[in-house]
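Residue numbers (this note's numbering): 1 to 242.
Here is the structure we will look at.
Right, dumping it as structure tokens:
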């Protein structure tokens, strides 16, 4: 009888992600700067909610917000793929520009697969939330499968689910622990940053927290998911025999 291979413990996965962050700190800052630039541009061009009343919002404002959201998501995907290529094989992409250029060929298939996964996950949430959580965990490795296993569309979704099959609770539990750690870190950072920016405008205070998220939280999350993907993929291809 075959039983599933265990995943690496949370502590080991988290430590690997932190070590990778430290080892590639300068490169991560360079790659993440792309998202930071998009964030700053959006902040500069977005309508000021304090100035524009609800009855004054125009269709142009709505279009601008929608386009800004799309631009931010695309930049986030670009950065995520670049960081995955960096941690997977840094020697092939020695500079930030090399990473960004190499990642462009994966953007379209990652976006397509992510849209399908997002749509199915949304349907799951509409069907009483719990199915959405189940489906979301199934498809948690879609981006990694597209980049590292050359799968596209629904094939990427099926492969991600295969990596999770028999390990759903293990994957979910590790993500839950990671989320709790990140929430704790965000609370601490927000409190500390508020102490130093107390007399600055509220928008500046929020920007400091957002930039911490861009340069620290998001990259660590990408690196953690990469480590979890490697563990799940290895477990999937090497089942234990009993």
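Built from N, CA and C at the ideal position, the CB exists for glycine as well.
With 16 other Cβ atoms within 10 Å as the buried cut-off, status of residue i
i, result
"residue 195", "exposed"
"residue 282", "Residue 282 cannot be examined here, being either before or after the span of the chain that is shown, 1 to 242."
"residue 130", "exposed"
"residue 160", "buried"
"residue 180", "exposed"
"residue 169", "exposed"
"residue 237", "exposed"
"residue 167", "buried"
"residue 105", "exposed"
"residue 202", "exposed"
"residue 214", "buried"
"residue 228", "buried"
"residue 45", "exposed"
"residue 79", "buried"
Rounded straight-line distance, which links the Cα of residue j to that of residue i
i, j, result
"residue 9", "residue 232", "11 angstroms"
"residue 210", "residue 124", "29 angstroms"
"residue 67", "residue 59", "12 angstroms"
"residue 99", "residue 12", "26 angstroms"
"residue 158", "residue 147", "15 angstroms"
"residue 219", "residue 69", "19 angstroms"
"residue 150", "residue 64", "35 angstroms"
"residue 216", "residue 42", "20 angstroms"
"residue 121", "residue 192", "36 angstroms"
"residue 94", "residue 197", "37 angstroms"
"residue 184", "residue 174", "15 angstroms"
"residue 14", "residue 137", "18 angstroms"
"residue 187", "residue 33", "23 angstroms"
"residue 117", "residue 128", "17 angstroms"
Simplified DSSP state of residue i, which is helix, strand or coil
i, result
"residue 89", "coil"
"residue 94", "coil"
"residue 219", "helix"
"residue 58", "coil"
"residue 166", "coil"
"residue 129", "coil"
"residue 10", "helix"
"residue 150", "coil"
"residue 200", "coil"
"residue 236", "helix"
"residue 225", "helix"
"residue 141", "coil"
"residue 68", "helix"
"residue 207", "helix"
Any non-hydrogen atom of the ligand PLP closer than 7 angstroms to residue i Cβ
i, result
"residue 148", "Within the structure as shown, the ligand PLP is missing, as the structure has no ligands at all."
**Prompt:** Quick one: any contact between the region 99 to 115 and the region 133 to 143, if contact means 3 or more CB pairs under 8 angstroms?
**Reply:** yes
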